[in-house]
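Here is the structure we will look at, set down as structure tokens.
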Amino acid sequence: MSLNTFRRLSIPSLVILLSFHGISAAQSQEDGFRPLFNGKDLTGWVFVNTPPQTWSVQDGMLLCTGKPIGEIRTDRMYQNFILEVEWRHMVPRGNAGIFVWADDITARGVPFHRGIEVQVLENAYGNTRSHTTHGDIFPIHGAKMVPENGRGGSRAFPTEERSHPSPEWNHYRIECVDGSISLAVNGKVVTRGTDCQPRKGYICIESEGGVVHYRNMKIKELPSSALKDGDVAIADRHLRSLYTGLDLSGWNGGKDEQGSSWKSQDWILRAEAPAGQSTAPLVTDQQFTATRFVTDFRLSNDQCVAELQFRTPAGQVLSAIRSSDSVVAAALQPAGQWNRVEGMLVDGELTVTVNSQTVVHQRSVPTEGRKFHLALNASGGVDFANIFATASE
370 MSLNTFRRLS IPSLVILLSF HGISAAQSQE DGFRPLFNGK DLTGWVFVNT
420 PPQTWSVQDG MLLCTGKPIG EIRTDRMYQN FILEVEWRHM VPRGNAGIFV
470 WADDITARGV PFHRGIEVQV LENAYGNTRS HTTHGDIFPI HGAKMVPENG
520 RGGSRAFPTE ERSHPSPEWN HYRIECVDGS ISLAVNGKVV TRGTDCQPRK
570 GYICIESEGG VVHYRNMKIK ELPSSALKDG DVAIADRHLR SLYTGLDLSG
620 WNGGKDEQGS SWKSQDWILR AEAPAGQSTA PLVTDQQFTA TRFVTDFRLS
670 NDQCVAELQF RTPAGQVLSA IRSSDSVVAA ALQPAGQWNR VEGMLVDGEL
720 TVTVNSQTVV HQRSVPTEGR KFHLALNASG GVDFANIFAT ASE
């Protein structure tokens, strides 16, 4: 506004103008929304099983390369809230998603969290009876939801086709209240689900092959009530990924006379050795004095062996968990299916579960006063994934 224009305003007009600006500012402050992504960096977000290279910030947008397949999540849980975000795919047939009410890390044998997924799918992917590109919502990897407008399963389908193709922007408004979820696509609610479990957890952004841009991501928290334990996702255990999904950075070894026995295959770390022979161990660069750890693996056949070792910097194996150990073998899924190893090595005592069954209880390991590395070893063909550990415990 020029100075002359300002001078020409009548007193009533000036009052109305100032009042209008005051109301706008008040509404902006009182609507209860705050940025979930600040447009500058990933403060408030945790890299789960994707590295920083997957994500970047440009001109206030969050950019995702789509590689590797995996996720980032918020650093805190949310229960009842409204989430608004704009997104666009930059490549036809791109795939991505927004997860709500998710666990702290990814589920067994997959690069995704247990939670409720709101699909972010580019139009050229096409519509079928099993999915659409216009805002499906579905529970994934152990979560539950009753869909509205379902097709016999747990997936909720949109009542209208409202999303725009690449590279146009789309607007999502996701409302999550007391276990019910609704999605408005470009201004109209089209998809709903109820009776979700969990109904409190983390919000995740998914990388799944497509180059995706996000902007104007904001959240408004709504009043919440007490929940049963089963309605709350698994809280942060401070586990951080040891594998980038892009390469073997953060690891050493793994090579013998024939070269490397280990291959990075996106979210899967593949070990190959001839039957009856072992790979060269792949050892973390990181050293530990105590740790909580998680590792998933699957065996190509019953003759294959997966091994998790605890090694000194000099290469001495202090202890190991082998899939061929009788107590471990009894807890395994059939060959070709994924298994999850979880445990703690603290104050020289090792406790381990395999697929939630205790296989080692307070085994004495001579770690007092010394640091150790985690290491992977294999015989035959073995896939590893979701390799997490805490820096200390």
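Count along the sequence shown starting at 1, add 369, and that's the number in the working numbering.
Cβ coordinates follow ideal geometry from the N, Cα and C atoms, glycine included.
Owing to the predicted nature of the structure, the values given are computational and were not obtained by experimental measurement.
Is the beta carbon of residue j closer than 8 Å to that of residue i?
| i | j | result |
| --- | --- | --- |
| arginine 445 | tryptophan 414 | no |
| leucine 638 | tyrosine 612 | yes |
| proline 437 | leucine 615 | yes |
| threonine 664 | asparagine 746 | no |
| cysteine 565 | proline 480 | no |
| arginine 584 | methionine 430 | yes |
| arginine 667 | glutamine 726 | no |
| glycine 548 | arginine 568 | yes |
| alanine 476 | glycine 511 | yes |
| valine 469 | isoleucine 588 | no |
| glycine 494 | arginine 462 | The sequence given here places tyrosine at residue 494; glycine does not occur at that position. The answer is yes: Cβ separation under 8 Å. |
| isoleucine 451 | glutamate 517 | no |
| alanine 758 | alanine 602 | no |
In chain order, what residues of the same chain lie with their CB nearer than 6 Å to the CB of residue i, ignoring the 5 residues before and after it?
| i | result |
| --- | --- |
| glycine 466 | Glu486, Gln488, Val489, Glu575 |
| proline 536 | Arg457, Met459 |
| valine 686 | Gln678, Arg680 |
| serine 693 | Val674 |
| proline 534 | Asn492 |
| glycine 579 | Gly435, His458, Val460, Gly463, Asn464, Ala465 |
| threonine 563 | Val515, Ser549 |
Check the DSSP bridge columns for residue i and list the partner residues they point to.
| i | result |
| --- | --- |
| methionine 713 | Arg661, Thr720 |
| threonine 563 | Val515 |
| lysine 632 | Arg639 |
| isoleucine 574 | Ile441, Ile467 |
| tryptophan 414 | Thr443 |
| isoleucine 622 | In the sequence as presented, isoleucine is not what sits at residue 622; that position holds glycine. Answer is Leu651. |
| asparagine 746 | Glu676 |
| valine 554 | Tyr541, Lys557 |
| leucine 668 | Val751 |
| alanine 595 | Answer by DSSP bridge pairing: none, since alanine 595 is not bridged. |
| alanine 525 | Ile506, Gly519 |
| arginine 609 | Ala758 |
| phenylalanine 741 | Phe657 |
| lysine 409 | In the DSSP output, where bridge partners are listed per residue, lysine 409 has none listed. |
Write down the C-beta distance between residue i and residue j rounded to the nearest angstrom, noting that I regard them as a contact closer than 8 Å.
| i | j | result |
| --- | --- | --- |
| alanine 642 | serine 630 | 6 Å |
| alanine 644 | glutamine 672 | 6 Å |
| serine 610 | valine 417 | 7 Å |
| arginine 542 | glutamate 453 | 5 Å |
| serine 733 | glutamate 718 | 7 Å |
| leucine 411 | tryptophan 424 | 6 Å |
| asparagine 407 | valine 546 | With a Cβ gap of about 25 Å, asparagine 407 and valine 546 do not count as contacting. |
| valine 728 | valine 721 | 5 Å |
| glycine 522 | histidine 540 | Not a contact, Cβ separation roughly 27 Å. |
| glutamine 702 | asparagine 670 | Contact doesn't hold; Cβ gap of about 13 Å is too wide. |
How far does the alpha helix (DSSP H) with residue i in it reach, from first residue to last?
| i | result |
| --- | --- |
| valine 546 | Segment 539-546 is the beta strand (DSSP E) holding valine 546; no alpha helix (DSSP H) there. |
| alanine 698 | 695-698 |
I'd like the list of long-range same chain contacts for residue i, defined as Cβ closer than 7 Å, with 5 residues on each side in sequence excluded.
| i | result |
| --- | --- |
| glutamine 396 | Confidence is the limiting factor: at glutamine 396 the pLDDT is only 45, short of 50, which leaves the residue's position unreliable, though a coordinate-based value still follows. Result list for glutamine 396: empty, nothing under 7 Å. |
| aspartate 625 | Ala649 |
| glutamine 646 | Ser748 |
| aspartate 605 | Asp473 |
| tryptophan 620 | Leu651, Val652, Thr653, Asp654 |
| tryptophan 636 | Asn418, Pro437, Ile438, Gly439, Pro480, Gly614, Ala754 |
| arginine 691 | Val674, Glu676, Val697 |
| histidine 730 | Thr720 |
Could you please give the first and the last residue of the uninterrupted beta strand (DSSP E) stretch that includes residue i?
| i | result |
| --- | --- |
| aspartate 654 | No beta strand (DSSP E) contains aspartate 654, which DSSP labels as neither H nor E. |
| methionine 430 | 430-433 |
| aspartate 752 | 750-758 |
| glycine 484 | 484-490 |
| proline 404 | 402-404 |
| tryptophan 456 | 450-458 |
| threonine 727 | 726-733 |
| lysine 587 | 581-590 |
| glutamine 706 | Per DSSP, glutamine 706 belongs to no beta strand (DSSP E) and is neither H nor E. |
| glutamine 427 | 424-427 |
| valine 674 | 674-680 |
| serine 499 | Run containing serine 499: none; DSSP gives neither H nor E here. |
| leucine 687 | 686-691 |
| isoleucine 474 | Isoleucine 474 -> no beta strand (DSSP E), and no H or E assigned at all. |
| proline 508 | 506-509 |
Taking 8 Å as the limit between beta carbons, can you name the residues of its chain near residue i, skipping five residues before and five after?
| i | result |
| --- | --- |
| glutamine 656 | Pro682, Lys740, Phe741, His742 |
| glycine 622 | Ala649, Pro650, Leu651, Val652, Ala744 |
| valine 559 | His503, Gly504, Pro527, Thr528, Glu529, Arg531, Leu552, Ala553 |
| aspartate 600 | Gly548, Gln566, Pro567, Arg568, Lys569 |
Within 8 Å of any Cβ in chain C, is that where the Cβ of residue i sits?
| i | result |
| --- | --- |
| phenylalanine 450 | Absent from the structure is chain C; it holds one protein chain and no more. |
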